[in-house]
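Undergrad: First the structure, which I've put down as structure tokens, then a few questions once you've had a look.
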Amino acid sequence: MLRHQDGTRAAYDGVVELYASMFADRLETRPFARNMIGTFAELVRGTGNLRVADVGCGPGHLTAMLHDLGLDVFGLDLSPAMVDHARRAHPALQFEEGRMEALPVEDGALGGVLAHYSMIHTPPGELPVLLAEQVRALARGGLLLVSFFGTEGSEPIRFDHKVAPAYSWPAEPFCELLTEAGLVTVARLLHDPASERGFLDTHVLARRP
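Residue 213, in the working numbering, is where the sequence shown stops; the numbers in between run on with no holes.
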């Protein structure tokens with residue numbers, strides 16, 4: 005796991021300013037993703053536990069969005085350069101350098117976890133460990149929203165992402181992994197191709213029972 009993370013960290017460290025300029029306002033043209041995040045925030049508020057982690061937060065734009073939606077949110081990213089950018093862009097918010105499979109919180113501390121295209125670089129065989137950590141950190145009734153590149157078929161597909169190698173997933177096998185991790189899928193949304201490769205934007209919302 006550490007080997008691929010080293011490569012991913014270095015790759016994102018090298019594209020911080022370009023990445024931030026390309027994606028900081030991207031949800032303005034992504035109504036489905038924007039509304040799924042809004043639904044996630046509303047449901048988290050309904051649990052009464054407003055503490056949320058934005059894992060793989062990048063330049064911090066979605067951390068700021070969740071804050072504006074009334075959540076007590078912090079951002080976590082593997083890339084120290086991304087964390088530095090996020091802190092400069094959003095000085096009132098909390099950002100930490102860290103790994104998604106080692107969240108800096110106690111068991112059951114979080115009302116929600118947002119993973120917006122941040123699990124795509126995790127090899128399929130390592131994804132169960134990563135998901136188990138999100139479950140550990142979630143309180144009973146807490147919510148996980150995962151967004152990723154969707155594909156047809158029954159198996160994930162490795163592809164050459166512009167920053168680091170990544171994987172697209174069919175929705176059903178991904179939801180099965182969530183079930184195996186101890187979560188209950190409550191909603192899924194697949195919509196128009198997210199890239200020239202023809203992947204579907206896929207959003208899956210799950211709850212810890």
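We put the beta carbon where it would ideally sit given N, CA and C, even for glycine.
Here the structure is a predicted model, which is why all the values come from computation and not from measurement.
Could you pull out every residue in the same chain whose Cβ sits closer than 6 Å to the Cβ of Gly79, ignoring the five residues on either side in sequence?
TA: Here residue 79 corresponds to residue number 75 of the sequence shown, with the count starting at 1. Only Asp58, Cys61, Gly64, Thr67, Ala90 and Phe99 meet the Cβ criterion.
Undergrad: Whose C-beta lies closer than 7 Å to the C-beta of Phe203 among residues of the same chain, with five residues either side of it excluded?
TA: The count along the sequence shown starts at 1 and reaches residue 203 at position 199. Answer for Phe203: Phe153, Gly154, Thr155, Ser172 and Pro197, listed in chain order.
Undergrad: Check whether the segment 130 to 140 touches the segment 42 to 51, counting contact only when three or more Cβ pairs, one atom from each stretch, lie closer than 8 Å.
TA: No, they do not touch.
Undergrad: Would Thr51 pass as a contact of Gly146 if the rule is Cβ separation under 8 Å?
TA: Position 47 of the sequence shown, counting from 1, holds the residue named residue 51. Position 142 of the sequence shown, counting from 1, holds the residue named residue 146. Yes, the pair counts as a contact, with Cβ atoms nearer than the cut-off.
Undergrad: Could you tell me the distance, in whole angstroms, from the CA atom of His207 to the CA atom of Leu182?
TA: Translated into the one-based positions of the sequence shown, residue 207 becomes position 203. Translated into the one-based positions of the sequence shown, residue 182 becomes position 178. If you take the alpha carbons of His207 and Leu182, they lie about 13 Å apart.
Undergrad: CA-CA distance, Ile161 and His195?
TA: In the sequence shown, counting from the first residue as 1, residue 161 sits at position 157. In the sequence shown, counting from the first residue as 1, residue 195 sits at position 191. Those two C-alpha atoms are separated by around 18 Å.
Undergrad: Classify Pro213: buried if its beta carbon has 16 or more other beta carbons within 10 angstroms, exposed otherwise.
TA: Here residue 213 refers to the residue found at position 209 of the sequence shown. Pro213 is exposed by the Cβ-count criterion.
Undergrad: Please state whether the Cβ-Cβ distance between Val150 and Val56 is less than 8 Å.
TA: In the sequence shown, residue 150 corresponds to position 146, counting from 1. In the sequence shown, residue 56 corresponds to position 52, counting from 1. In this structure, Val56 does not lie closer than 8 Å to Val150 by Cβ.
Undergrad: Which one of Tyr121, Cys179 and Leu209 has the shortest CA to CA distance from Pro169?
TA: Reading the sequence shown from its first residue, position 165 is the one you call residue 169. The candidate whose alpha carbon is nearest that of Pro169 is Tyr121.
Undergrad: Do you know offhand how far Gly42's Cα is from Asp164's?
TA: In the sequence shown, residue 42 corresponds to position 38, counting from 1. In the sequence shown, residue 164 corresponds to position 160, counting from 1. Approximately 30 Å between the Cα atoms of the pair.
Undergrad: In whole angstroms, what is the alpha-carbon distance linking Pro84 and Glu101?
TA: Position 80 of the sequence shown, counting from 1, holds the residue named residue 84. Position 97 of the sequence shown, counting from 1, holds the residue named residue 101. Cα to Cα, the separation comes out at about 6 Å.
Undergrad: Could you check which residue in Met69, Asp72, Asp81 and Pro127 has the C-alpha nearest to that of Pro108?
TA: For the purposes of this step, residue 108 is taken as the residue at position 104 of the sequence shown. Here the closest residue by C-alpha is Asp81.
Undergrad: I need the straight-line Cα distance from Leu187 to Arg92, nearest angstrom please.
TA: Along the sequence shown, read from residue 1 onward, the residue named residue 187 stands at position 183. Along the sequence shown, read from residue 1 onward, the residue named residue 92 stands at position 88. Taking the straight line joining both Cα atoms gives about 35 Å.
Undergrad: Can you tell me whether Pro95 is buried or exposed, with buried defined as 16 or more other CB within 10 angstroms of its CB?
TA: Taking the first residue of the sequence shown as 1, we reach residue 95 at position 91. Looking at its Cβ environment, which holds fewer than 16 other Cβ atoms inside 10 Å, Pro95 is exposed.
Undergrad: Leaving out the 5 sequence neighbours to the left and right, which residues in its chain are closer than 8 Å to Leu131 when beta-carbon positions are compared?
TA: Against the sequence shown, residue 131 aligns to sequence position 127. Around Leu131: Met123 and Leu181.
Undergrad: Alpha carbons only, please: which of Asp205, Pro174, Glu176 and Leu209 is nearest the one belonging to Val190?
TA: Position 186 of the sequence shown, counted from the start, is the residue given in the question as residue 190. Closest by alpha carbon: Leu209.
Undergrad: Do you know how far the Cα of Phe178 is from the Cα of Gly112?
TA: By one-based count along the sequence shown, residue 112 stands at place 108. By one-based count along the sequence shown, residue 178 stands at place 174. Cα to Cα, Gly112 sits roughly 23 Å from Phe178.
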